[in-house]
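Asker: Numbering (my numbering), first residue to last: 2 to 349. Mind having a look at this structure? Questions to follow.
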Amino acid sequence: MVERSGEGMSMSRRKLRHIDACLHGAVEYETVTTGFERYVLPYNALTQTSLGAIDLSTTFLGAELRAPVLVGAMTGGAELSRTINRNLAEAAQKLGIGMMLGSQRIMLDDSPTGTAAAASFEVRELAPDILLIGNIGLAQLSDAVLPKLSVALDRIGADALAVHTNPLQEAMQDNGDTDFRGTVARLHRLAAEIPYPVLVKEVGHGIGAAAAERLRGLPIAAVDVAGAGGTSWARVEQLVRYGQVRYPAVAEWGVPTAQALQEARSTLPGMPLVASGGIRTGMDAAKALAMGADVVALARPLLAPAIDSPAAALDVLHGFVEELRVCLHGCGVPDLAALRAVGVQQLS
Ligand SMILES: Cc1cc2nc3c(=O)[nH]c(=O)nc-3n(C[C@H](O)[C@H](O)[C@H](O)COP(=O)(O)O)c2cc1C
Numbered sequence: 002m003v004e005r006s007g008e009g010m011s012m013s014r015r016k017l018r019h020i021d022a023c024l025h026g027a028v029e030y031e032t033v034t035t036g037f038e039r040y041v042l043p044y045n046a047l048t049q050t051s052l053g054a055i056d057l058s059t060t061f062l063g064a065e066l067r068a069p070v071l072v073g074a075m076t077g078g079a080e081l082s083r084t085i086n087r088n089l090a091e092a093a094q095k096l097g098i099g100m101m102l103g104s105q106r107i108m109l110d111d112s113p114t115g116t117a118a119a120a121s122f123e124v125r126e127l128a129p130d131i132l133l134i135g136n137i138g139l140a141q142l143s144d145a146v147l148p149k150l151s152v153a154l155d156r157i158g159a160d161a162l163a164v165h166t167n168p169l170q171e172a173m174q175d176n177g178d179t180d181f182r183g184t185v186a187r188l189h190r191l192a193a194e195i196p197y198p199v200l201v202k203e204v205g206h207g208i209g210a211a212a213a214e215r216l217r218g219l220p221i222a223a224v225d226v227a228g229a230g231g232t233s234w235a236r237v238e239q240l241v242r243y244g245q246v247r248y249p250a251v252a253e254w255g256v257p258t259a260q261a262l263q264e265a266r267s268t269l270p271g272m273p274l275v276a277s278g279g280i281r282t283g284m285d286a287a288k289a290l291a292m293g294a295d296v297v298a299l300a301r302p303l304l305a306p307a308i309d310s311p312a313a314a315l316d317v318l319h320g321f322v323e324e325l326r327v328c329l330h331g332c333g334v335p336d337l338a339a340l341r342a343v344g345v346q347q348l349s
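Have a look at this one:
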């Protein structure tokens with residue numbers, strides 16, 4: 002059971018409600034799937050690879066990764082968020098993968114609350130070498146936010162900024178930001194001015210053809226399709242607001258991740274792409290990479306282990322990476338470029 006919200010919930014309290022809902026509520030899509038189950042990775046019984054020699058390394062946003070995996074954007078702002086972020090950062094450092102932080106909106110607040118919240122994003126001392134990506138909502142971008150955002154990214158030692166676009170989530174949220182007019186122009190200005198590479202992401206309802214078309218020509222560095230099939234934020238917000246899913250059709254709405262990936266790839270051919278939203282196994286990751294993603298990200302499956310300990314977070318992420326390695330071996334390819342060349346087969 003998810004506890005219901007009242008009006009005017011504080012930002013850090015809302016973060017805790019989100020975490021509670023994601024830990025204990027039925028927050029995943031019920032009828033919509035990622036679509037990866039409709040594809041198979043071709044199996045090759047005469048592979049000429051050695052499992053231990055499979056090379057998963059790649060470069061993303063100018064950083065070297067030992068595997069094409071990012072910890073998905075989750076949290077910040079509350080004391081529990083600090084534990085989550087630090088445990089995930091420690092695991093990411095050990096594995097040589099990247100990490101996206103949750104929204105830094107709370108850090109932009111000049112009050113003592115904002116200053117205190119900053120500590121929950123400070124992970125650099127534990128993870129000096131990882132690709133670290135800060136986060137802000139598209140709906141919260143304003144001219145006043147821009148300079149503060151740069152300071153917030155400097156302060157945590159980020160390498161890049163993810164801007165999440167989430168109209169469905171905000172529409173379901175109690176007191177959400179529901180005016181998205183002018184946001185593409187503001188995104189354009191931000192990406193042109195801020196001295197950080199900007200990645201644009203959804204939160205689990207997908208960046209498909211129509212949204213990708215709006216991103217064409219913008220000075221952004223990458224897109225995370227964050228498609229449907231995993232955590233539904235229109236569902237999370239309804240559970241937090243009403244204690245139940247009042248609008249099930251909206252909770253089940255979005256561009257499935259495999260479709261979003263294909264649409265974004267054909268609309269933005271040269272754009273570095275992250276596949277996320279319902280990526281749960283190394284096999285999901287292998288299919289997404291074979292279909293043209295540069296890296297994958299996963300969020301909710303990491304939440305409970307990240308609350309537990311750095312070792313628990315490492316265990317889940319290590320298993321995920323090792324399954325991905327087995328997939329390349331079984332497919333007969335030594336590295337990610339060869340995996341992309343092999344591609345996937347669609348089931349009839
Ligand atoms: C507890 C939690 C908090 C999240 N907070 C943020 C956030 O602050 N910013 C953001 O861009 N995405 C946020 N997300 C969305 C994820 O980054 C991701 O896009 C979405 O959950 C779909 O991925 P999944 O199916 O692997 O969970 C959050 C996800 C979870 C589970």
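In this text, a Cβ means the ideal position worked out from N, Cα and C, and glycines have one as well. Since we're looking at a predicted model, the values are computed, not measured.
Roughly how many angstroms separate the alpha carbons of Thr232 and Ala276, rounded to a whole number?
Answerer: 14 Å
Asker: Return helix, strand or coil for Met2, following the three-state DSSP convention.
Answerer: Annotation note: pLDDT 43 at Met2 (below 50); position unreliable, no value reported.
Asker: Does the distance from the C-beta atom of Ser11 to that of Gly77 stay below 8 Å?
Answerer: no
Asker: Over what stretch of residues does the beta strand (DSSP E) that includes Ala227 continue unbroken?
Answerer: Counting along the chain, Ala227 falls outside any beta strand (DSSP E), and DSSP gives it neither H nor E.
Asker: I'd like the ranges of any alpha helix (DSSP H) spanning at least 4 consecutive residues and lying wholly in the stretch 92 to 158.
Answerer: 113 to 119, 146 to 157
Asker: Leaving out five residues on either side along the sequence, give the residues of the same chain with a beta carbon under 6 Å from the beta carbon of Pro273.
Answerer: Ala223, Asp295
Asker: Where does Tyr30 land, buried or exposed, given buried means 16+ other C-beta within 10 angstroms?
Answerer: Buried, by the Cβ-count rule.
Asker: Under the criterion of a Cβ to heavy atom distance below 7 Å, does Ala93 qualify as lining ligand 1?
Answerer: no
Asker: Compare the C-alpha of Leu24 against each of Ala140, Leu81, Val343 and name the closest.
Answerer: Leu81
Asker: In terms of residue numbering, what span does the beta strand (DSSP E) encompassing Ser277 cover?
Answerer: In the DSSP assignment, Ser277 falls within the beta strand (DSSP E) that extends over 274 to 277.
Asker: So, at 8 Å on beta carbons, what are the nonlocal neighbours of Val345 in its own chain, with the 5 sequence-adjacent residues on each side left out?
Answerer: Tyr40, Val41, Leu42, Pro43, Lys288, Ala291, Met292
Asker: Put Ala64 into one of helix, strand or coil per three-state DSSP.
Answerer: In the structure shown, the three-state DSSP call for Ala64 is strand.
Asker: Output yes or no for whether 8 Å exceeds the beta carbon distance between Gly205 and Ala227.
Answerer: In this structure, Ala227 lies closer than 8 Å to Gly205 by Cβ.
Asker: Any contact of the stretch 126 to 145 with the stretch 90 to 98, i.e. 3+ C-beta pairs under 8 Å?
Answerer: The stretch 126 to 145, when compared against the stretch 90 to 98, does touch it at the 8 Å Cβ threshold.
Asker: Can you confirm whether the stretch 192 to 205 touches the stretch 239 to 247 when touching is taken to mean that 3 or more C-beta pairs between the two stretches lie within less than 8 Å?
Answerer: no
Asker: Using DSSP's beta-bridge definition, name the partner residues of Tyr40.
Answerer: Gln347
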